[in-house]
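Protein chains in written order, with the working numbering: chain A, 779 to 1030; chain B, 441 to 755.
For glycine and all other residues, C-beta sits at the position ideal for the given N, C-alpha and C.
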Amino acid sequence: MIDQLTPPDSKILIKAKKVNKIFPNGCHALKNVSLDIKRGEVVVIIGPSGSGKSTFLRTLNQLESISSGNILLDQVDLTDKRTDINAVRAEVGMVFQSFNLFPHKTALGNVMLAPMKVLKQSKEDAKQGARDLLYRVGLADRMNNYPSRLSGGQQQRVAIARSLAMKPKALLFDEPTSALDPEMVGEVLDVMKELASEGMTMVVVTHEMGFAREVADRVVFMEEGELVLEETPERFFHSEHPRLQRFLGQVL
Amino acid sequence: MQTQSSRWLGHGVYLVIMAILISGVYFAGQKIDYTWHWERLWPYIINTESQDILAVTDGTAKVDNSGHLSITPDYGDDPQIVERYDTLVSRNGDLIFQGDTIARLDGWRFGPIAEGLWVTIKISFISLIFAVLLGVIFGLMRVAHGQVWRNLAVTYVEVIRGTPLLVQIFIVYFFIGTVFDLDRFTAGVAALSIFTGAYVAEIVRAGIQSVPVGQMEAARSLGMNYVQAMAYVIMPQAIKRTLPPLAGQFINLIKDSSLVSVISITDLTKAGREVVSGSFAPFEVWFTVAALYLVVTGGLSLVIQRLEKRLSASD
Ligand SMILES: Nc1ncnc2c1ncn2[C@@H]1O[C@H](COP(=O)(O)OP(=O)(O)OP(=O)(O)O)[C@@H](O)[C@H]1O
Ligand SMILES: [Mg+2]
């Protein structure tokens, strides 16, 4: 019965339909952006500075409200007033460029907090889950360190573990390696690659073209608030699109 | 970099300067035509002399077999019954005139300065608790999303900061105190709490706003609601940053509490004024009062420093 009611495109986890974002200062940051993200898919978004990549990513968990259009997560319309936005956010993790770890909590405390307060897990369960996750991101020996005692790469891995602790349906990454020293980029990308291979749905804004080529199922190019191009990596990096050519010429 | 030896030299120079200053004050005290009587102060702090119990009317003393003392007045009133005494001065059947000493109480008791100190500590401590409560509530309102809350909080802060505490004490005591039938002490606590609360609200607001926005975003993207994010992520960080300015504000509160003496609360300052007129030792009294304030404020500073150390574990 229920199967019959489920629409045929239920493979799609996140659906953005003609999203427009106009900031109060009049800046038109997103112009009719539409994008479908399937379960288990890794989508990489690239584009020049100020093209609206962060803004778009932040609309996907409603850290940024939208001016018009729709965003659906598992067929739940986030722009609907009746949608419990906290419940939606609990299902979509976000990893920030500047880590944003809670400085007053240890690595373990950072990972445990939301499962305890939002999912109402017992302290023991949350702790066990947090230990497992920190072990997975290679920080078994750093659990009781405060963020100030961790390197950038370690902090970002704690931040990823913190998002994973909520058992999200999808993870959003906003330039997760841009604030890192070059020697630490690899350790974070490795964790992300592993997540991708385990089937996590991921939307990644990055300048790491190697990661896009290697891991992405699809690469999206944005410019001036518009979604210009959306292709598989092979076709994307061989595309003759003039605006993309211009951008790649600048960054490569 | 400061070397170890230059630091010791600094301490040494400091001690010399302080010694010069203190001896300067001492010799200045010797030079003026003033005889210092520090010993006169003691009874006003802790009184060890026995206390006279006086007759309230003319009458006849009556001591029964078990030693109960009472005075039967000459004219029909109820007898004066002495509940507790240590030495009996009058005997059974003595004729007593109003104001006669009929018995004595031994043992020590607190003098007016000690009692005033206690009132100052009590009024400051109670006001501090209410000030923190008001400060947190209005500080949170100040950063809330609703414009109504923000306007209300701004009004409170600006009105209170823009008028003198002394005037506020008079208004609270004479106007609000009359409307709600408040006693002096409650009126004093109310005025001090409301006044200090406005400053605490500003400190709390600044503390909250000093926490990077990324913290709120991280908390919200984990599914926490606004209240959870505030309680578990923003406030713990804000409180740590507000401790040093809060310490200053609490010390101000203790000093400002001296103003409640204008509504006849016998705090340390008012006790000092009363003792000066009784002891004829004004300099000693005011130096003592100052030292006692310093002890209270210093103690509070110490407590907050401890707290800061405890909270700095994550730095
Ligand atoms: N809060 C805001 N208020 C007004 N304008 C904003 C705001 N945030 C972003 N913008 C504008 O929206 C546009 C898109 O910004 P966005 O941060 O999404 O770009 P981006 O592609 O992530 O750039 P970058 O690579 O530098 O991170 C920019 O022109 C920016 O100035
Ligand atoms: Mg960005």
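Counting pairs of beta carbons, one from the segment 665-672 of chain B and one from the segment 526-538 of chain B, are three or more of them closer than 8 Å?
-> no
From S704 of chain B to G602 of chain B, what distance separates their C-alpha atoms?
-> 25 Å
Considering only C-alpha positions, which residue in the set B:D621, B:Q649, B:V612 and B:F537 is nearest to I634 of chain B?
-> B:V612
Which of the residues in the segment 894-912 of chain A, read from start to end, lie with their CB under 7 Å from any CB of chain B?
-> K895 and V896
D952 of chain A: buried (16+ other C-beta within 10 angstroms of its C-beta) or exposed?
-> buried
Show which residues of chain A have a CB atom less than 9 Å away from the CB atom of E657 of chain B.
-> R836, L841, M872, F874 and N878
Exposed or buried, what is Y515 of chain B when buried is set at 16 or more other beta-carbons lying within 10 Å of its beta-carbon?
-> exposed
Among A:E902, A:E1001 and A:E819, nearest to L950 of chain A - alpha-carbon criterion = A:E819
Can S941 of chain A and G887 of chain A be called in contact, C-beta distance under 8 Å?
-> no
Would you mind reading off the limits of the beta strand (DSSP E) that contains R757 of chain B?
-> One cannot answer for residue 757 of chain B here, as it falls past the ends of chain B, which runs 441 to 755.
Which residues in the same chain as F723 of chain B place their Cβ atom closer than 8 Å to its Cβ, once the five residues preceding and following it in sequence are excluded?
-> G469, Y474 and W476
Does the segment 654-661 of chain B come close enough to the segment 578-595 of chain B that 3 or more CB-CB pairs lie under 8 Å?
-> no
To which residues of the same chain is G452 of chain B closer than 8 Å at the C-beta, ignoring the five residues directly before and after it?
-> none
Which residues in the same chain have their Cβ closer than 8 Å to the Cβ of T737 of chain B, if we skip the five residues on either side of it in sequence?
-> I691, I694 and K695
Mind the definition here: the segment 805-815 of chain A touches the segment 997-1005 of chain A only if three or more C-beta pairs lie below 8 Å; say whether that holds.
-> yes
What residues in the segment 663-690 of chain B have a beta carbon less than 8 Å from any beta carbon of chain C?
-> The question asks about chain C, but that chain is absent: this structure's protein chains are A and B.
Mind reading off the beta-carbon distance from L879 of chain A to P925 of chain A? Whole number of angstroms is fine, and I expect it under 8 Å.
-> 4 Å
Same chain, Cβ closer than 8 Å to N505 of chain B, five either side skipped, listed in chain order = none
Considering S567 of chain B, what are the terminal residues of the beta strand (DSSP E) in which it resides?
-> It is not in any beta strand (DSSP E) - S567 of chain B instead sits in the alpha helix (DSSP H) that spans P552 to R582.
Coarse secondary structure for K789 of chain A, derived from DSSP in three states = coil
When every heavy atom of ligand 2 is checked, does at least one fall within less than 7 Å of the C-beta of K831 of chain A?
-> yes
Cβ neighbour criterion (16 or more within 10 Å) applied to R582 of chain B = buried
Anything in chain B within Cβ reach of L808 of chain A, meaning under 9 Å, just list it in chain order.
-> The premise fails here: L808 of chain A is roughly 18 Å from chain B at the closest Cβ pair, so nothing lies under 9 Å.
Fully enclosed by the segment 787-873 of chain A, which beta strand (DSSP E) runs are 3 residues long or longer?
-> 790-800, 806-816, 820-824, 846-851 and 870-873
In angstroms with no decimal places, state the Cα-to-Cα distance between N864 of chain A and V673 of chain B.
-> 16 Å
Mind listing which residues of the segment 917-934 of chain A have their C-beta closer than 7 Å to chain B's C-betas, in chain order?
-> Y924 and S926
Partners in chain B for A865 of chain A, counting only beta-carbon separations shorter than 9 Å | G663
Work out the CA separation of Q906 of chain A and S827 of chain A for me, nearest whole Å.
-> 40 Å
Cβ separation of S845 of chain A and N803 of chain A, assumed to be a contact under 8 Å, to the nearest whole Å | In fact, because the Cβ distance is near 13 Å, the residues do not count as touching under 8 Å.
CB of T884 of chain A within 8 Å of CB of M944 of chain A, strictly = no
Please determine, among B:F615, B:T626, B:A631 and B:V619, the residue with the shortest C-alpha to C-alpha distance to L606 of chain B.
-> B:A631
For the alpha helix (DSSP H) that F1014 of chain A lies in, which residues bound it at each end?
-> P1011 to F1015
When every heavy atom of ligand 3 is checked, does at least one fall within less than 7 Å of the C-beta of S741 of chain B?
-> For the structure depicted, ligand 3 is absent and the ligand set comprises only ligand 1 and ligand 2.
Chain-ordered chain B contacts of P802 of chain A [CB-CB under 8 Å] | Result: empty, since nearest Cβ-Cβ is about 14 Å, beyond 8 Å.
With 7 Å as the C-beta to C-beta threshold (strictly closer), list the residues of the segment 742-755 of chain B near chain A in chain order.
-> S754 and D755
With hydrogens ignored, establish whether the beta-carbon of E734 of chain A is closer than 7 Å to any heavy atom of ligand 2.
-> There is simply no residue 734 of chain A to check, as chain A begins at 779 and stops at 1030 in what is shown.
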